[in-house]
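Per the UniProt record's numbering, the very first residue in the sequence shown carries number 1; after that it's consecutive. Cβ atoms here follow ideal geometry from the backbone N, Cα and C, with glycine treated the same way.
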Amino acid sequence: MKKIVLTGGGTAGHVTPNIALLPSLKEAGFEIAYIGTKDGIERKLIEKENIEYHSVPTGKLRRYLSKENVTDMFRVVKGVKESFFLLKKLKPDIVFSKGGFVAVPVVLGAKLNNIPVVIHESDITPGLANKIAIPFAKCVCTTFPETLNYIPKDKGVNTGSPIRKELFFGDKKKGMEICGFEGSKPIIMVMGGSLGSVKINTQLRGSLKTLLKDFDLCHLCGKGNVDPTLEGKKGYKQFEYISDELPHIMAMADIIVSRAGSNSISEFLALKKPNLLIPLSAKASRGDQILNAKSFEKQGFSMVLDEDNMTYVSLEKSIRDLYEKREEYIKNMENSSLSNGVKEVMKVINKYVK
1 MKKIVLTGGG TAGHVTPNIA LLPSLKEAGF EIAYIGTKDG IERKLIEKEN IEYHSVPTGK
61 LRRYLSKENV TDMFRVVKGV KESFFLLKKL KPDIVFSKGG FVAVPVVLGA KLNNIPVVIH
121 ESDITPGLAN KIAIPFAKCV CTTFPETLNY IPKDKGVNTG SPIRKELFFG DKKKGMEICG
181 FEGSKPIIMV MGGSLGSVKI NTQLRGSLKT LLKDFDLCHL CGKGNVDPTL EGKKGYKQFE
241 YISDELPHIM AMADIIVSRA GSNSISEFLA LKKPNLLIPL SAKASRGDQI LNAKSFEKQG
301 FSMVLDEDNM TYVSLEKSIR DLYEKREEYI KNMENSSLSN GVKEVMKVIN KYVK
């Protein structure tokens, strides 16, 4: 039996594409193990899938000066050592890395064991962890064609992003039952990333009075961001976070308002969901979401709203404009050659299996 080790963590975005590959990997006869951090979000998500899980220490990789960089460097070195011996024991035929801090020691441990590594980069420009790991990889799969400009020519292949199979089997009726919607109005789904967005939540709630006259609204507002004064409000349903219900919620949505994380927007494209993207500001990030959003806007897949200039008035106007033009966006997405990257990523994995 072939064996693969998956790695990646720190955020859900570094884990869900790995989870999307699981059915195809099993179907192809792979034995699967996962290496992540001891207490990261990846552990909970992967153990839920009944996949063999191992942890190694790692440190945060920072782009700025900090005394913690010194102590974290020792953690990374320790992680490389533990990854080396763990991979020597597991004896995988290949390592597939989705990035994040934990991926660096695992990729280096694989290189020291002469195990081929395939990396997937979600954003247009590689993150710091992948920048460090790319020289040790056989191949780098990308979500965006623009990313190939940042990768050695002999290593890059544009595969798109792996999409979870269950998202294609959502039930619109079940979604409306979960939210308590009657189905007499168009439905908006709003999400601000796994942690939520205070600014999106605030501006959205400021426009509820007029929005709810014409729409029902499902709001994924993030942990600790539920507004108790809005509980039970007709046409408005808020959740901190959803997991198993997500396919049904997405199936019922006519349009989606979201951050511009690459995994999420790839899912919108695969499901042909018109979307308004509000990328995380460059003040609070390295600007990757802004680039992701610009790419999708240029291709006609998304409408984009600048967070720094967003008010509840401009947010409502953009939502209404998107709904009016939704068929135009659906048509553009239907004409796209990028859809679900699972098949293309599997081709690359099989190519480099030892």
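What's the C-alpha gap between residue i and residue j?
| i | j | result |
| --- | --- | --- |
| Leu212 | Glu52 | 46 Å |
| Asn335 | Glu27 | 29 Å |
| Phe268 | Leu87 | 36 Å |
| Leu271 | Phe74 | 43 Å |
| Val104 | Glu49 | 23 Å |
| Val106 | Ser184 | 51 Å |
| Phe301 | Ser281 | 20 Å |
| Lys173 | Val95 | 40 Å |
| Ala133 | Met189 | 36 Å |
| Ser83 | Leu167 | 33 Å |
| Pro234 | Lys351 | The question names Pro, yet the displayed sequence has Lys at residue 234. So the alpha carbons of these two residues sit roughly 53 Å apart. |
| Arg326 | Phe181 | 21 Å |
| Gly175 | His219 | 13 Å |
| Val198 | Ser285 | 15 Å |
| Lys11 | Gly222 | Sequence check: residue 11 is Thr here, not Lys. Each residue's Cα considered, the two are about 14 Å apart. |
| His54 | Thr7 | 10 Å |
| Ile200 | Lys343 | 35 Å |
| Pro152 | Ile115 | 20 Å |
| Met191 | His14 | 18 Å |
| Lys298 | Ser318 | 17 Å |
| Leu204 | Tyr312 | 6 Å |
| Thr16 | Arg320 | 31 Å |
| Tyr236 | Gly36 | 37 Å |
| Gly109 | Gln289 | 30 Å |
| Leu208 | Asp93 | 53 Å |
| Val348 | Asp154 | 13 Å |
| Ala20 | Pro279 | 24 Å |
| Lys44 | Asn18 | 14 Å |
| Lys38 | Gly232 | 39 Å |
| Lys89 | Arg164 | 30 Å |
| Asn113 | Gly287 | 35 Å |
| Gly193 | Val76 | 28 Å |
| Leu217 | Met310 | 19 Å |
| Leu128 | Thr202 | 32 Å |
| Gly40 | Lys81 | 20 Å |
Just to confirm my understanding: we take residue i, look at its own chain, exclude 5 residues before and 5 after, and list those with CB closer than 6 Å. What are they?
| i | result |
| --- | --- |
| Gly170 | Pro247, His248, Met250, Ala251 |
| Glu245 | Ile178 |
| Phe144 | Ile124, Ser295 |
| Tyr34 | Leu6, Ile46, Ile51, Tyr53 |
| Gly79 | Val56, Pro57, Thr58, Pro105 |
| Asp308 | Ser281 |
Kindly indicate if chain D contains any beta-carbon less than 8 Å away from that of residue i.
| i | result |
| --- | --- |
| Gly175 | No chain D is present in this structure, which holds just one protein chain. |
Our contact map puts residue i next to residue j with C-beta atoms below 8 Å; I'd like the distance itself, whole angstroms only.
| i | j | result |
| --- | --- | --- |
| Glu316 | Thr210 | 6 Å |
| Val102 | Val56 | 7 Å |
| Ser314 | Leu305 | 7 Å |
| Glu42 | Gly9 | 4 Å |
| Pro126 | Gly341 | That belief does not hold up - the Cβ atoms of Pro126 and Gly341 are roughly 17 Å apart, past 8 Å. |
| Ser24 | Met346 | 5 Å |
| Ile187 | Phe215 | 7 Å |
| Gly160 | Leu22 | Not really, about 17 Å apart at Cβ, beyond 8 Å. |
| Lys273 | Ala253 | 6 Å |
For a test of the three-state rule: what should DSSP assign to residue i, helix, strand or coil?
| i | result |
| --- | --- |
| Gln299 | coil |
| Gly36 | strand |
| Gly109 | helix |
| Phe144 | coil |
| residue 418 | The question about residue 418 has no answer, for the chain in this structure spans 1 to 354. |
| Leu212 | coil |
| Ile188 | strand |
| Thr7 | strand |
| Asn340 | coil |
| Gly79 | helix |
| Glu240 | coil |
| Phe305 | Note on identity: in this sequence residue 305 is Leu, with Phe being the wrong assignment. In this structure, Leu305 counts as coil in the three-state DSSP scheme. |
| Asn332 | helix |
| Asn114 | coil |
| Val95 | strand |
| Ser55 | strand |
| Val198 | helix |
Report all residues from its chain with a CB closer than 7 Å to the CB of residue i; omit the five preceding and five following residues, and keep chain order.
| i | result |
| --- | --- |
| Asn130 | Gly99, Ile119, Glu121 |
| Lys91 | Lys3 |
| Leu148 | Thr142, Gly156, Asn158 |
| Glu146 | Ile124, Ser295 |
| Val140 | Ile119, Glu121, Ile134, Ile151, Lys155, Gly156 |
Looking only at its own chain, which residues have a Cβ that is under 8 Å from the Cβ of residue i, when we skip the five neighbours before and after it?
| i | result |
| --- | --- |
| Lys111 | Val117, Phe136 |
| Met1 | Gly29, Phe30, Glu31 |
| Ile265 | Ser258, Asn275, Leu277, Asn292, Ala293, Phe296, Phe301, Ser302 |
| Leu230 | Arg205, Leu208, Tyr236, Gln238 |
| Lys138 | Pro116, Val117, Val118, Lys155, Tyr352 |
| Lys354 | Asp93, Ile94, Ile115, Pro116 |
Stretch pair the segment 257–265 + the segment 233–242: three plus CB contacts closer than 8 Å: Segment contact: the segment 257–265 against the segment 233–242, fewer than three CB-CB distances shorter than 8 Å; contact not assigned.
Say whether the segment 222–234 touches the segment 326–333, bearing in mind that this needs 3 or more beta-carbon pairs closer than 8 Å, one atom from each stretch. Counting Cβ pairs under 8 Å, fewer than three are found: no touch.
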